[in-house]
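Asks: Keeping their order, the protein sequence lines are chains A and W. With the first letter of the first sequence counted as 1, position 196 gets the number 333 in my numbering; the numbers rise by one all the way through. With the first letter of the second sequence counted as 1, position 152 gets the number 289 in my numbering; the numbers rise by one all the way through. All residues carry an ideal CB built from backbone N, CA and C; glycine is no exception.
2 protein chains.
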Amino acid sequence: MNASRTARDRARAELTREIKEAARRQLAVEGAQRLSLRAVARELGMVSSALYRYFPSRDDLLTQLIIDAYEGIADAADAAVAGIPAADERGRWRAVANAARDWARSHPHEFGLVYGTPVPGYQAPTDTVASASRIPIALLTVVRDAHENRRLAVPDLDLAPELAAQARAVAELTGLDVPPAAMTRAVVAWTQLFGMISFELFGQLVGSMDPADAFFAEAVERMADFVGLRDSDDSHSTG
Amino acid sequence: MNASRTARDRARAELTREIKEAARRQLAVEGAQRLSLRAVARELGMVSSALYRYFPSRDDLLTQLIIDAYEGIADAADAAVAGIPAADERGRWRAVANAARDWARSHPHEFGLVYGTPVPGYQAPTDTVASASRIPIALLTVVRDAHENRRLAVPDLDLAPELAAQARAVAELTGLDVPPAAMTRAVVAWTQLFGMISFELFGQLVGSMDPADAFFAEAVERMADFVGLRDSDDSHSTG
DNA sequence: CCAAAGCAAGAGCAGCGCTCTCGTAATTGT
DNA sequence: ACAATTACGAGAGCGCTGCTCTTGCTTTGG
């Protein structure tokens with residue numbers, strides 16, 4: 138009663154992994170649109186029809202790669218956060234933003250696969266939603282920590298009722314106690330971050346802020362201000 | 138010496154237009170990835186090879202559609218701006234943002250074509266850059282007007298030297314006199330706007346701020362604040 | 001009026017995703 | 001240990017794709 142009992146089971150697991158690896162390799166080189174089941178099979182020395190024993194369709198293989206990409210960028214963000222003291226929420230926010238950008242720049246096609254135009258068939262989000270939410274959760278966790286530590290400069294403007302309700306629903310869904318106004322601002326910052334990364338990767342900034350290092354750094358600071366994260370320097374000044 | 142002299146020229150121009158129309162129709166239904174030259178030819182009662190008299194490749198046809206899409210969203214923004222008094226810069230900013238979102242929601246596949254993952258061959262941006270810059274120019278024009286009318290609350294934080302240089306270069310390139318700090322913030326707001334629209338369209342907000350009407354409205358207001366656009370109400374209070 | 005150029009059509013090539021069949025090998029139940 | 005079942009890879013094949021090339025026909029311009 139091993140984890141993988143028979144030799145066939147072990148072979149199947151290994152081949153499934155190898156197929157995904159070959160596909161990811163091809164994805165990194167050619168992009169999602171040019172990813173071809175037949176080419177993956179060729180690289181593995183198999184015939185194309187044999188792949189269908191492991192993935193029912195090309196879209197299912199892509200869905201697996203999508204999940205892996207979400208996990209990859211989230212792992213990078215989590216690892217970056219772990220390197221910053223918990224008390225330095227602004228530093229952690231910065232770390233998540235930089236990790237997301239770095240990962241995107243080193244995995245452009247995988248980034249495009251998950252944050253670009255959805256694949257034609259529009260894959261079911263049910264499998265991907267858990268992985269997809271890890272990045273926003275990482276950002277929200279930083280905000281929650283700042284709020285918990287009474288270091289969040291929450292703006293007191295009130296929101297439209299339906300927006301406040303949505304913000305409260307997100308707080309409940311994620312189990313992260315973040316006030317509606319801060320929650321809304323965090324989502325705004327999240328969309329800004331990924332819009333900026335997309336623009337950089339997809340060439341929308343070529344005439345203006347490209348190369349985007351300085352712009353990115355500035356934007357991250359301004360968005361950290363925007364969500365109410367203070368500099369770790371003046372964390373002592375006020376209670 | 139007519140604009141189109143011969144019958145053949147007229148036929149060619151008309152057929153080129155009809156091909157683009159059929160392609161756009163197919164794009165709207167199926168998406169860019171499923172757009173097929175053969176299907177377009179079929180719809181027009183032609184044989185597929187005949188299309189190559191008008192477009193050298195599928196990618197060239199797509200590039201034309203990309204340009205049309207840029208023009209379409211920019212036209213929508215310009216039309217919306219024209220409906221708001223020039224003195225109400227914040228209202229004009231709002232109008233551009235709403236027009237962009239409305240256009241994107243009514244032309245999702247065309248939006249994805251231009252702001253999503255680039256097509257595999259990565260089309261030369263030279264043809265598209267003029268059309269692509271119309272939207273950021275529309276946003277910057279609003280900021281420039283506010284600055285000119287001394288109604289822009291410019292933040293006085295100084296920027297990294299290379300960022301300030303880039304901002305000045307954009308100002309020179311566009312001929313729009315916007316101070317570096319405001320320029321940077323406008324670009325941040327631009328990336329936020331399109332990141333938010335992308336997320337709404339591509340399903341990234343489904344678990345949180347979807348439907349996104351209230352969230353979008355709030356984000357637009359906060360970003361208008363962010364770039365320093367005042368409410369039109371208090372435009373009289375200060376000089 | 002005639003050569004040149006533009007044109008649509010058809011055949012064809014290589015590639016794609018996917019399905020189905022078939023012989024073989026591994027697994028399971030008795 | 002043997003038989004029945006199941007999983008598997010290979011191969012052929014279908015309909016589709018983008019694209020090329022050749023073949024006649026028509027329009028154009030000198």
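1) Roughly how many whole angstroms lie between the Cα atoms of D362 (chain W) and V279 (chain W)?
2) What does F192 (chain A) reach in chain W if we use C-beta pairs closer than 9 Å?
3) L289 (chain W) bridges to which residues according to DSSP?
4) Using the C-alpha atoms, what's the distance from A275 (chain W) back to D212 (chain W)?
5) Please list, in chain order, all residues of the same chain as I156 (chain A) whose beta carbon is under 6 Å from its beta carbon, the five residues on each side excluded.
6) Give me the chain A residues within the contact set of T200 (chain W), using Cβ-Cβ distance strictly less than 8 Å, ordered along the chain.
7) What first and last residue would you give for the alpha helix (DSSP H) that runs through I156 (chain A)?
8) Note down, in chain order, each residue of its chain lying with its Cβ closer than 8 Å to the Cβ of V233 (chain W), except the 5 sequence neighbours on either side.
9) Name the chain W residues that come within less than 7 Å of E155 (chain A), Cβ to Cβ?
10) By how many angstroms is the C-alpha of I334 (chain W) removed from the C-alpha of A241 (chain A)?
11) Measure from the alpha carbon of R161 (chain A) to the alpha carbon of each residue in A:A150, A:A176, A:A319, A:L338, then state which is nearest.
12) Is it buried or exposed for G168 (chain A), if we count other Cβ within 10 angstroms and need 16 for buried?
13) Cutting at 6 Å between CB atoms, please list the residues of its own chain near L330 (chain A), excluding the five before and the five after it.
14) Please look up how many angstroms separate the CB atoms of G253 (chain A) and G253 (chain W), rounded, as I've assumed it's under 8 Å.
15) Whose Cβ in chain W lies nearer than 7 Å to the Cβ of A223 (chain A)?
16) I need the DSSP call for A308 (chain A), collapsed to helix, strand or coil.
17) Rounded to a whole number of angstroms, what is the C-alpha to C-alpha distance between E151 (chain A) and S270 (chain W)?
18) Quick one: list the residues of chain W neighbouring T263 (chain A), beta-carbon separation under 8 Å, in chain order.
19) When the Cα of L174 (chain A) is compared with those of A:A165, A:F353, A:A159, which residue comes out closest?
20) Would you call Y189 (chain A) buried or exposed, if buried means 16 or more other Cβ atoms sit within 10 Å of its Cβ?
21) Is T102 (chain A) helix, strand or coil when you go by DSSP?
22) Let's test the definition: count the other Cβ atoms within 10 Å of the Cβ of G228 (chain A) and tell me whether it reaches 16, buried, or not, exposed.
23) For chain A, find out if any of its Cβ atoms is closer than 8 Å to the Cβ of R305 (chain W); answer yes or no.
24) May I ask you to report which of helix, strand or coil DSSP gives G340 (chain W)?
25) Going by DSSP in three states, P245 (chain A) sits in which element: helix, strand or coil?
26) To the nearest angstrom, how far is the alpha carbon of L300 (chain W) from that of S369 (chain A)?
27) Between W:W230, W:A223, W:M183, which lies nearest to G365 (chain W) when the distance is taken from Cα to Cα?
Replies: This is what the structure holds:
1) 13 Å
2) Those do not exist, as F192 (chain A) stays about 19 Å from chain W at its closest Cβ, beyond 9 Å.
3) W:L366
4) 10 Å
5) Y191
6) What T200 (chain W) touches in chain A: nothing, since even the nearest Cβ is about 14 Å away.
7) 144-167
8) A214, A217, V218, I272, A275, L276, V279
9) The contacting residues do not exist; E155 (chain A) stays about 24 Å from chain W at best.
10) 20 Å
11) A:A176
12) buried
13) A234
14) 4 Å
15) Simply none; closest approach about 25 Å.
16) helix
17) 49 Å
18) Neighbours of T263 (chain A) on chain W: none; closest Cβ ~11 Å, over 8 Å.
19) A:A159
20) exposed
21) Absent from the structure is residue 102 (chain A), since the part of chain A shown begins at 138 and ends at 376.
22) buried
23) no
24) coil
25) helix
26) 24 Å
27) W:W230
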